[in-house]
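Chains as they are written, first to last, in this note's numbering: chain W, 4 to 304; chain F, 55 to 174.
Quick reminder that beta carbons are idealized off the backbone N, C-alpha and C, glycines included.
Below: the structure, in C-alpha cells.
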Amino acid sequence: MITAATLAALAMACGLGSWRLTTARWTSRAPRIAIILWQSLGVAWGLATTGAMLAYAVQPYELGVLQSLIAFASGEPPRQSWDPLHVAAMIAGLAALAVLVVVLITAGVQALRARRRHRVLLALIARDDPGVPGVRVLDHPSAAAYCVPGLRSQVVVSEGALKLLSHDELTAVLAHEAAHVRERHDLVLLPFAALRRALPWSKVAFDAQGQVELLIEMAADDRARRYCSPRRLATALLRFGTAGAMPTPQGMLGVHAKNVMARVDRLIKPGPSLPATARYGIIALSVTLVTATPFLWTIQL
Amino acid sequence: MRVKGLGELERSIMDIIWAESSALTAREVGRLIADRDLAPTTVMTVLDRLTRKGFLQRTRDGRAWRYEPAASRDAYIAELMLEALDLTGDRSAALTRFAQAVSGSEAEILRRALTELEEE
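Structure representation (C-alpha cells):
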C-alpha cells in the first residue's frame, strides 16, 4: 500500500512539476538542462502513474511490482486471493502501460514512415546546388530549412530560403540544422509528440511538447553560435518569420511569433547562464527521478 | 551526365516522363535517354519499380505499357513543403525545422525587430 501511495504521490509531483516547468523562466538560460529535466519528468511520470495502479493491484502477491508481475505472468497464484478492486486496478494499470508503450511505438513507426516517404521524394525531385554543397535544394518559392533526421540524415533548404538569406545567414541556418542532426533532437521530441497524442485533452502534455520543441531550437541555436555569428542567426530567424509562407490551415501562429522573438532575444542579448549550483541541483533531481521510480517498482514498502 | 545508380536513373526517367505531355512507352523513354547506352530491360525494370512505388501509372497499349506520372512534380514539391513548414496539422516529430513563418500583425513585430537589428 505504501509503495502504491508513494508512486501515486510521485506521479502527482511529476504532473505538478511539469505544469510548473511549462511556465518556468530559467529554461531559456539552460535549454539542455531543461530538456534533461523534461525527459526525466516524462519517464518518472509514466512509470509512477502505471506503477501506482499496478502496485495497488499486486498487493495480494506481497512482493514488489516487477516481481509480482513476473509471478502473475507465469501463472503463480497470489498469497491472498484476488478481490474485484485489485483486479480492476490490475486491468487499469496494464491497460495504461500498454497504451503508453503502443503510443510510443506507433509514433516512432509513423515518424520513420513519414521520413522514408520524404527521402524517396527528395531523391526524385531535390537537386544539388554547387553553392551549398551537401545540402539538398527544393525548387519552391517559400522559405524552408529543415532536416530529415535518421542514420542518413539530410539537410534541405528551399529555393525561397536561398533567395531570402545572405551567405552568412545561410551558414548560420545550416549550422543550426547540423546541430539538430548531431544531437538527434528528433529522438528528444518523439516521446513528447507521442504523449501529446496519447493525452489529447491534457494541457500539460500539449504545453510540454511546445516547450520541448522550443528548447531543442534553443539548444541548436546555442551550438550553432559557436560556428557562426549569433546576430546573423537572429536576422535569419526574423527573415524566415516574415517571409510569408504558404497560407496556414490552422491557428498555431501566436506561439510561433513568440518563440521566434524569444530565440532572437537570447541570441542578441544572452542572459546570464544558470548558476552552477542550480545546474547541478537540477541534474541531481533528474537523476533521482529516473532512478527512484524504477527502484519503487522493485521493492515493497 | 553519367548515370550513377538506380536512384539517379529513377530520377532521370521521372524527369523525362514529367517533361512529356503524353504517356510514354518504355521504348520511347529509352530513346529519350538513348545516349546513356542503357539496356532496354534496365529501363523497363526502373519503370516497373517506379510504378510499384506509386510514382507512375501505366495503361496497356497493344503489346506495350504506356507510362504517365501519378502526380505532377509540383504536387510532390508541395507535399514536401507542407511537411517542411509543418502545415500538415499533425505536429509530428518526423522533421526538425529551422523556423516557421508567422502572419499578419505578428510578422510586423518581427519585421520591426529585423529593421532594428540591421540598422545597429
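Assuming residue i and residue j make a contact with CB atoms under 8 Å, what is their CB distance in whole Å?
| i | j | result |
| --- | --- | --- |
| W:S84 | F:L139 | Contact flag wrong, Cβ pair sits at about 59 Å. |
| F:M68 | W:S161 | Contact flag wrong, Cβ pair sits at about 20 Å. |
| W:A92 | W:A129 | Actually they are not in contact, since the Cβ atoms of W:A92 and W:A129 sit about 53 Å apart, beyond 8 Å. |
| F:E137 | W:H121 | 6 Å |
| W:Q303 | W:L66 | 6 Å |
| W:V293 | W:V46 | 5 Å |
Report yes if the CB atom of residue i is closer than 8 Å to the CB atom of residue j, and no otherwise.
| i | j | result |
| --- | --- | --- |
| W:L288 | W:G54 | no |
| W:G18 | W:L57 | no |
| W:M221 | F:A167 | no |
| W:I285 | W:L40 | yes |
| W:A110 | W:A197 | yes |
| F:F109 | W:L141 | no |
| W:L277 | W:I5 | no |
| W:H89 | W:Q70 | no |
| F:V100 | F:G84 | no |
To the nearest angstrom, report how far apart residue i and residue j are at their CA atoms.
| i | j | result |
| --- | --- | --- |
| W:G20 | W:D225 | 25 Å |
| F:V156 | W:Y149 | 17 Å |
| W:D268 | W:N262 | 10 Å |
| W:H170 | W:V135 | 10 Å |
| F:R114 | F:R120 | 6 Å |
| W:L168 | W:A8 | 56 Å |
| W:P80 | W:T301 | 19 Å |
| F:G116 | W:L125 | 34 Å |
| W:R155 | W:P203 | 32 Å |
| W:R116 | W:G153 | 11 Å |
| W:Y230 | W:P275 | 21 Å |
| F:I70 | F:L86 | 7 Å |
| W:L241 | W:Q42 | 29 Å |
| F:L164 | F:E173 | 14 Å |
| F:E62 | W:S31 | 44 Å |
| W:V104 | W:L44 | 17 Å |
| W:Q157 | W:R139 | 7 Å |
| W:A219 | W:I38 | Here residue 219 of chain W is Ile; the residue named in the question, Ala, does not match the sequence. Those two C-alpha atoms are separated by around 8 Å. |
| F:R106 | F:R112 | 10 Å |
| W:A201 | W:Q212 | 12 Å |
| F:R127 | F:R65 | 11 Å |
| W:A223 | W:A164 | 19 Å |
| W:A147 | F:A153 | 8 Å |
Closer than 7 Å: is that where the CB of residue i sits relative to any heavy atom of the ligand ZN?
| i | result |
| --- | --- |
| F:R85 | Annotation note on the ligand ZN: not contained in the displayed structure, which lists no ligands. |
Which residues in chain C sit within 7 Å of residue i, going by Cβ to Cβ distance?
| i | result |
| --- | --- |
| W:H89 | Judged by its chain identifiers, the structure shown contains no chain C, and its protein chains are W and F. |
So if I threshold CB-CB distances at 7 Å, which residues from the region 175–196 of chain W count as touching chain F? Flagged, chain order: V176, H179, E180, H183, H188, D189, L192, L193, A196.
Quick test of the definition: if touching needs 3 or more C-beta pairs under 8 Å, does the region 163–183 of chain W touch the region 228–237 of chain W? The region 163–183 of chain W makes contact with the region 228–237 of chain W: 3 or more CB pairs, one atom from each, lie closer than 8 Å.
If you measure beta-carbon to beta-carbon, which residues of the region 96–118 of chain F are closer than 8 Å to chain W? Close to chain W, meaning a Cβ-Cβ distance shorter than 8 Å, are the following residues of the region 96–118 of chain F: K107, F109.
Assess, as a yes-or-no matter, whether the region 74–89 of chain F is touched by the region 72–84 of chain W under the definition of 3 or more beta carbon pairs within less than 8 Å. Taking 8 Å as the limit for Cβ pairs, the verdict is that the region 74–89 of chain F does not touch the region 72–84 of chain W.
Interfacial residues, the region 229–245 of chain W to chain F, with Cβ spacing under 9 Å: Of all residues in the region 229–245 of chain W, the ones placed with a Cβ closer than 9 Å to any Cβ belonging to chain F are R234, A237, T238, A239, L240, L241, R242, F243, G244, T245, in chain order.
Can we say the region 146–153 of chain F touches the region 191–202 of chain W, given the rule of at least three CB pairs closer than 8 Å? Cβ pair count under 8 Å is three or more, so yes.
What residues from the region 115–135 of chain W come within 9 Å of chain F, judged by C-beta to C-beta, listed N to C? Those residues of the region 115–135 of chain W that come within reach of chain F (Cβ to Cβ, closer than 9 Å) are L115, R116, A117, R118, R120, H121, V123, L124, L125, A126, L127, I128, A129.
Where the region 144–156 of chain W meets chain F: residues whose CB sits under 9 Å from a CB there: Residues passing the 9 Å Cβ filter: S145, A146, A147, A148, Y149, C150, V151, P152.
Please identify, using Cβ separations under 9 Å, the residues of the region 70–103 of chain W that lie next to chain F, in order along the chain. Residues: none.
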